[in-house]
Amino acid sequence: MDDVDVEVIRDRRRDFGDEIVRIRVLRVPESQKFPEGIKYAFHYGRKNGDDPIRRYDNHHGVHERHVGSNTEEIDFPGVETLLRKFITELPDHVSP
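Taking the working numbering as reference, the numbering of the sequence shown is continuous, increasing by one, and the terminal residue is 96.
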């Protein structure tokens, strides 16, 4: 996948003291790894932390939800629906 084949749809980072929220959505060529043509990561964690507090991504071509060091495969309802779900799971003092 060349950089010219990638379009940044959304890329936002917000800092909250020692915590961070990053929302990144890329349009990529459809492939076996990314059949929807979307690569995404919704991350909430501590700066310089090893494990996310909460993260949704398809980095490895599988839709996953990370809570701390635990990872589970999830259904993909669409990027906007999943983003709304991620936002509802954030604590009140954090807003992307």
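All C-beta atoms, glycine included, are put in the ideal place defined by N, C-alpha and C.
Bear in mind that the values here come from a model prediction, so they are computed numbers and not experimental data.
For residue 25, the CB contacts under 7 Å within the same chain, skipping 5 residues up- and downstream, are 9, 10, 38, 40 and 79 in chain order. With distances taken between CA atoms, residue 14 lies nearest to 46 out of 32, 46 and 30. Going by C-alpha positions, residue 34 is about 16 Å away from residue 82.
Its Cα nearest to that of residue 7, the residue 30 stands out among 69, 20 and 30.
If you check the CB distance, residue 43 and residue 55 come in under 8 Å. Each of 17, 5, 12 and 16 was checked against the Cα of residue 27, and the nearest Cα belongs to 5.
Here the alpha carbon of residue 68 sits roughly 16 Å from the alpha carbon of residue 22. The three-state reading of DSSP puts residue 5 in helix, counting H, G and I together.
In the DSSP assignment, residue 16 is bridged to 19.
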